[in-house]
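Chemist: I have a structure here, written as structure tokens, and I will follow up with some questions on it.
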Amino acid sequence: MTSEKRSGTEEVVDMELHCVRCKARLYVPLSQVDAVIASLEWTGAAILICVCGQAQLIRSRHQKRND
Ligand SMILES: [Zn+2]
């Protein structure tokens, strides 16, 4: 029996967003997702850095009212 654990592969969270510059899917490392969520809750926005270096401003989704 060999249990293989790969070190160095960090778990990531899919933000369901794409980079405006390179169109890459944006993922946040699990270690940083708490900070991103906290930022979204406190300020309504957070900044993600894409692998290409482009900073993305993301906002918490609020449903728009029609009136
Ligand atoms: Zn990008």
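Position 4 (the sequence shown) corresponds to 6 in our numbering; numbering is contiguous. Yeah, the Cβ is synthetic: ideal placement off N, Cα and C, and Gly gets one too. Small disclaimer: the values here were computed from a predicted structure and weren't measured.
1. Check Glu72 in the structure and name its three-state DSSP category.
2. Can you name the start and end residues of the alpha helix (DSSP H) that Ala127 belongs to?
3. Can you grab the Cα-Cα spacing for the pair Ala37 / Glu13, in whole Å?
4. If you measure from the CB of Val15, is any heavy atom of ligand 1 nearer than 7 Å?
5. In the structure shown, what three-state DSSP assignment does Ala48 receive?
Modeler: On the basis of the coordinates in this document:
1. The first residue shown for the chain is 3 and the last is 69, placing residue 72 beyond what the model contains.
2. Any question about residue 127 goes unanswered here, given that the chain covers just 3 to 69.
3. Counted from its first residue, the sequence shown places residue 37 at position 35. Counted from its first residue, the sequence shown places residue 13 at position 11. Between the alpha carbons of Ala37 and Glu13 lies a distance of about 15 Å.
4. Taking the sequence shown and counting its residues from 1, one reaches residue 15 at position 13. Flag unset: Cβ of Val15 not near ligand 1.
5. Taking the first residue of the sequence shown as position 1, residue 48 is located at position 46. Three-state result, Ala48: strand.
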